[in-house]
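K.L.:
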Amino acid sequence: MTIASLLEPVDGTPGPRRLSHAADWMQGRTLYGGASALVAFTMARRAFPDLPPLRAAQIGFVAPVGEEIELGVEMVREGRNVTQVRSEIHAGGKLALTAFWLFAAEREANAVRPSDPPADWPGPPQENAQAMKGEGPAFIQNNFELRFGQARDADHGATIRRWARLTEQHELDPVSRLVLMGDVMPPGAMRIMQRVGPISSINWSFNVLDPESRSKDGWYLAENASQHAGAGYSSERLRMWDSDGRQVLDGLQCVAVFG
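Per full-length UniProt numbering, the sequence shown starts with residue 1, numbered consecutively.
(1) Tell me which same chain residues have a C-beta within less than 7 Å of the C-beta of G188, skipping the five on either side of it?
(2) May I ask you to report which of helix, strand or coil DSSP gives I160?
(3) Identify the continuous beta strand (DSSP E) that holds D89 and give its terminal residues.
(4) Between which residues of its own chain and Q27 is the CB-CB distance below 7 Å, once the five residues before and five after are set aside?
(5) Check each candidate in P124, E168 and I69 and name the one with the smallest Cα separation from D244.
(6) Report the three-state DSSP secondary structure of V255 (helix, strand or coil).
(7) Is it buried or exposed, V39, if we count other Cβ atoms within 10 angstroms and call 16 or more buried?
(8) Applying the 10 Å Cβ sphere with the 16-neighbour rule, what's the burial state of M75?
(9) Residues bridged to L221 by DSSP?
(10) Can you tell me which of A23, T2, A44 and P52 puts its alpha carbon nearest to the alpha carbon of D11?
(11) How would you write the range of the beta strand (DSSP E) that L95 sits in, first residue to last?
(12) Using C-beta distances below 6 Å, list every residue in its chain close to S115, excluding the 5 sequence neighbours before and after it, in chain order.
(13) Less than 8 Å between C-beta atoms, sequence neighbours within five positions excluded: which residues of the same chain meet that for A91?
(14) Are the CB atoms of L178 and I3 within a distance shorter than 9 Å?
(15) Going by beta carbon distance, what residues of the same chain come within less than 7 Å of R214, once the five residues before and after it are set aside?
(16) Is D120 closer than 9 Å to Q150 when the C-beta atoms are compared?
(17) Along the alpha helix (DSSP H) that carries G182, what are the first and last residues, could you check?
(18) Does the distance from the C-beta atom of V208 to that of L54 stay below 9 Å?
(19) Would you report the Cα separation of N128 and P211, rounded to the nearest angstrom?
(20) Assuming G259 and V196 are in contact, meaning their beta carbons sit under 8 Å apart, how far apart are those beta carbons, in whole angstroms?
(21) Look at the alpha carbon of Q141 and the alpha carbon of R147, and state the distance between them as a whole number of angstroms.
(22) Between the alpha carbons of P9 and A104, how many angstroms are there, rounded?
(23) To which residues does DSSP link D250 through a beta bridge?
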């Protein structure tokens, strides 16, 4: 089912909605994090259609998001260059997701520093074997094609890196595509778990480095790396690069590690 069908009920008007095409985007009891974040982002964009490009976001995954939801949105502040918007998703009468979006117009640069290229560039996706075919959550099988972005026979510590693209070339603007895909990798802490157990994203904060990104054939290299794990949680750094090795997204996430 296309992402456009999932987003169709999100018209920018606050109130109850039914995401009748959510089934293909579910991850256990809840909508996949990137999809639920995209619902909240689309709510902000459709409520205020003249916003400048998105530059940053802070998202709290509070509770499961299902088909029956209620959407809310408010303009927090509209400045000369920067506009801040809050959108929320309620489910079962309780807050399920809260998102704070920072939109900002482009200005003349007074500081320029290109992001560092990724270490151990894996080569283009077509030169890497397919990953997770017939494995993993249903939303992966239904909507994404993954290829390895690391040597399979090497020790990568607590880092997971894969090439990823949507199996259907949905008609999404570049930023919506990054929001949808930015949370696609499992946490790097999965590589170092001592026992099998569930994991759950608690929040996600990211900066958009290129709001006009259009990577070749829709492929992006996505990486999740645990920076510190302990006490049942992992601090993860999430990054994405386009097919030419330019970083387009930089983020952090707190993940609960159970078991």
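Ideal Cβ placement from N, Cα and C applies to all residues, glycine included.
P.N.:
Once the coordinates are examined:
(1) A158, T159, I160, N224, A225, S226 and E236
(2) strand
(3) Looking at the sequence itself, residue 89 is Ile, so the reference to Asp does not match. Where I89 is concerned, the enclosing beta strand (DSSP E) stretches over V82 to A91.
(4) P137 and F139
(5) P124
(6) strand
(7) buried
(8) exposed
(9) W163 and W241
(10) It is A44.
(11) K94 to A104
(12) Only Q247 meet the Cβ criterion.
(13) Once the five neighbours on either side are set aside, the close Cβ partners of A91 are A63, P64, V65, G66, E68, I69 and E70.
(14) no
(15) Within the same chain, P174 come within 7 Å of R214 by CB-CB distance, once the 5 residues on both sides are set aside.
(16) Contact: yes.
(17) First-last for G182: undefined, no H or E at that position.
(18) yes
(19) 27 Å
(20) 6 Å
(21) Their Cα atoms are separated by approximately 13 Å.
(22) Between the alpha carbons of P9 and A104 lies a gap of roughly 27 Å.
(23) N207 and R239
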